[in-house]
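The opening position of the sequence shown corresponds to residue 776 in the numbering used here, with each subsequent residue numbered one higher. Report on one structure; see the data block that follows.
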Amino acid sequence: MKTVKPPRLADKIFAWYCDPIYTEDLCGDLEEIFYNDLENMPVYKAKLEYWQRILSLLFSYAIKKRKQRSAHHYYSYSSFHPAMLKNYFLIATRNLAKHKFFTIINALGLAVGMSIGLLLIAMLSFLWTYDAFHVNKDRIYRVISITDNNVKVRALATAPSAIAQNLKDNYTGIEKVVRINNSLSAEAHYLNKAIPLQGYYADDNFLQVFTFPLLKGNVAQALVKPNTMVMTEEAATKMFGEEDAIGKVIEMGGHDFEITGLLKNYSKNSHMEFEVLASYQTLLSSATTEQLNNWVEFPGSYIYILFPEQHNVSDIESYLNTVATKQYANNKDFSARFELQALTDIAPGRELRYQIGPEWDYLSIGIFIVLTAMILLPACFNYANISISRALKRMKEIGLRKVMGGQRNQIFLQFITETVIITLLALILSYYIFLTAREQFLLMLADRTGLDLSMNLRTMLYFVLFALAVGIIAGIIPAVYFSKLTPIQALRTKPVSKGISRLSLRKALIVGQFALSLGFIMSVVIVLSQYRHTLNHNFGFDQENILDVPLQGADPQVFRNEFSKLTSVQSISMSSDVVGASGLESIWVKDGERTDSSEVSQMFIDEKYINNMKLSLLAGSNFSEDIAQNRKHIIVNEEFLKAFAIKDVASAIGESFILPEGEEVVVAGVVRNFHYMPLTEPIRSFFFRYDASRFQYANIKMIITDVFASITQMESAWKLFAGEKKFEAKFFDDEIREAYSFYFSMIKICGAL
């Protein structure tokens, strides 16, 4: 039986696991038991028993204690003393000062990687404070809608205004319901001054639910009566200068409003952005019953609910969806369900259409976090790789400390302390990089007015905690590697590695570092390629030598008469928006013969616009000189035909459609598809309408000879009829470029890092 040996693989596993502890006694006992088993059972069974004993020892308490004892000197101690931290700090500082090149290289690498992390932390630090200033923030919820029109399911921040009245009449588990409508955006006129203002129609209890302090006026009465309005300090200063705003009357959006309150300027961390608040009764007095009770089209209607201290959100959600089930029971083309969204979950929050104020969705933040990791982790891997490459220089130090009784956790903490000191040094440099990159980062954002990256004590504390976390992440691999070495391994000229070798670990770090770096570089290249593509893309309209001038309330015809006299002006058209550079208003349009409706983007233009922009008219005719007739016509794109199942462009001419206000319009022409929205949005159903009151821009086709002289002439012509309003103008191709400045700013930041 002596010729039969115990399983060699089991012995090797046991030796690998137990090394370097003394296990000769255990191996002898296992072998003796094995030969005894051979006398009483078959060979296969004896080997099986041997395997079972080996595995039992691997997980045994005795082996674990032996490994712990062998990890440090017999006389070493494990108790912690605060003086040890001072000792760790002194040793780490001396070591870093001694190896200055190593320190500088690692500090620079970590600083560059950490700088974009500081941008992320500063942004998150501010976003976490959104709407936190409201006293009732924990009890305020917004009603959101999940709609289905048999084509697409959409999540909307809006909800039918009729829900508010239903809750007031039939539900008792709430304190207050607030309706808001964001359609109040127009020029405000006072004496000879005209200033564009933006705001909301709001219920009279708005100021009681939300914490927007009134400096002057009565909170309970300021928005009770029709045609009353409150405005912010900033808006009042623009409108009235040093005069007292209370009691003044301004004309805005076709209504005369009396100023009944002055609001304190609110901070940027609000998901609502407004300059004025008008009473909701004003909107009710001019709205039709169909508009007020519309359960299908409600793009500008927002509903907020204030709950009592003890409340159950699921109960009211169930009630709202019971109401929805009844309301949409007979509508086969449209259905909706309603949910409640906490005020503090709005920004940042889920992605919803028709958001009110700045949009901060989780997807965008997640992309930024991934980008930060792709920049920071290679820097951490680089530090770990350089640290391990210096292993031979640190071996004697570690071996001596092990022989003198240094424990594994003490060695680990020593190396972590060293790394943390480097990251704190890197934090100083990364902070200056952060200050440089901050403005470029804000330029990347579509709405940077809703973000404040200024420094405060809370943000600085987050920066320090971030540096400590980076220090632990960057230092944990070399700290674990060095601390697990035994005295014998550490004192050898060349360290002996077990399992994953030192070389394999370094290879893994290098591969990981280069993979992340390459992925980051490829991302920058892709963004650069996308940016070039957008600038060179054929939008379907002309961009060259077109100057867009905001009318600022000036009469379009007067503008045309004066500017047509200039020699540098070839032609002039009017429009409500800058096509291709910004989002457009959407409405729901019904087929004149059927009851189904479809969402359509719209833009208001004059009869010169299509020729001025060199749009391709496929069928029908352009708008004419007959203004009254133009208001009854629309010019649609090719996608519009698909949305309403019209076979060809010729068949579309003369088709009638019903607008939300009940007005019937007829298709006069069809234009070839063009990118009326930014390239990030697909081309959808769209039409042009004619309404001179909606014109906001003059589009001037210029004859370019001397740009400076031409602009000077235009400024002189502008002063003839615009009074004190400053002349503003931008070239159309520059506006298109600015619409995609996000890509360029990202390229500059990421390229620098």
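C-beta atoms are modelled at their ideal positions from N, C-alpha and C, and glycine is treated no differently. Predicted model only: the values in this text are computed from it and were never measured.
Item                                                                                                                                                                              : Value
Which runs of the alpha helix (DSSP H) spanning at least 4 residues fall entirely within the region 862–914, listed in chain order?                                               : 875–902
Can you find at least 3 beta carbon pairs, one from the region 949–961 and one from the region 974–989, that sit closer than 8 Å?                                                 : yes
Between the alpha carbons of E1414 and P935, how many angstroms are there, rounded?                                                                                               : 28 Å
Can you give me the Cβ contacts of I1479 inside the same chain, cut-off strictly under 7 Å, excluding the 5 residues immediately before and after it?                             : N1320
Are the beta-carbon atoms of N1087 and A937 separated by less than 9 Å?                                                                                                           : no
Just tell me which of V910, I1208, P1435 has its CA closest to the CA of D1366.                                                                                                   : P1435
With the cut-off set at 9 Å, would you say V1445 and V1482 are in Cβ contact?                                                                                                     : no
DSSP three-state label for E824, please.                                                                                                                                          : helix
Taking the alpha-carbon of Q1327 as reference, which of K780, T1057, A963 has the nearest alpha-carbon?                                                                           : A963
Could you pull out every unbroken alpha helix (DSSP H) segment of at least 4 residues lying fully inside the region 1022–1106, listed in chain order?                             : 1055–1061, 1064–1067, 1088–1102
Shortest alpha-carbon distance to L1052 belongs to which of I1203, L972, A1117?                                                                                                   : L972
Hey, would you say F733 sits closer than 9 Å to M1349, going by beta carbons?                                                                                                     : With the chain represented from 776 up to 1528, any question about residue 733 goes unanswered, as that position is not in the structure.
Whole angstroms is fine: what's the gap from P1001's alpha carbon to A1111's?                                                                                                     : 32 Å
Look up W1493 in the DSSP assignment and say whether it is helix, strand or coil.                                                                                                 : helix
For Y849, collect the residues of the same chain with a Cβ closer than 7 Å to its Cβ; drop the 5 residues on either side in sequence, then sort them by chain order.              : Confidence in Y849 is poor, its pLDDT being 48 and thus under 50, which makes the residue's placement too unreliable to answer from.
Going by DSSP, what residues sit across from T922 in a beta bridge?                                                                                                               : R929, A1111
Using only the alpha-carbon positions, how far apart do A1122 and I1131 sit?                                                                                                      : 10 Å
Restricting to Cα atoms, I'd like to know which of E1084, N1096, V887 is closest to L1202.                                                                                        : V887
Hey, how far is the Cα of I1347 from the Cα of K1505?                                                                                                                             : 15 Å
Identify which residue in N956, D1509, Y863, N925 has its Cα closest to the Cα of N1311.                                                                                          : D1509
Could you give the distance in angstroms between the alpha-carbon of I1196 and the alpha-carbon of I880?                                                                          : 14 Å
Helix, strand or coil, according to DSSP, for M1452 in the structure here?                                                                                                        : coil
My assumption, with CB atoms under 8 Å, is that D1352 sits in contact with L1359. Please give the rounded CB distance.                                                            : 6 Å
The beta strand (DSSP E) spanning Y975 covers which residue range?                                                                                                                : 968–977
Please report the straight-line C-alpha distance between K822 and I829, rounded to a whole angstrom.                                                                              : 11 Å
If you check the beta carbons only, do N967 and L1081 fall under 9 Å apart?                                                                                                       : no
Is G1395 helix, strand or coil by DSSP?                                                                                                                                           : strand
With DSSP collapsed to three states, give me the class of M1388.                                                                                                                  : coil
So who's on the other strand from I1409, going by DSSP bridges?                                                                                                                   : V1442
Check W791 in the structure and name its three-state DSSP category.                                                                                                               : helix
Quick one: what does DSSP say L1240 is sitting in, helix, strand or coil?                                                                                                         : helix
Please classify M1235 as buried or exposed, where buried requires at least 16 other C-beta atoms within 10 Å of its C-beta.                                                       : exposed
Examine the Cβ distances between the region 1183–1190 and the region 1229–1249 and report whether three or more of them are shorter than 8 Å.                                     : no
Measuring straight from C-alpha to C-alpha, what distance separates Y916 and S835?                                                                                                : 56 Å
Kindly list the residues whose CB is nearer than 6 Å to the CB of V999, restricted to its own chain and excluding five residues on each side of it in sequence; keep chain order. : D979
What separation, rounded to the nearest whole angstrom, lies between the Cα atoms of L833 and D786?                                                                               : 11 Å
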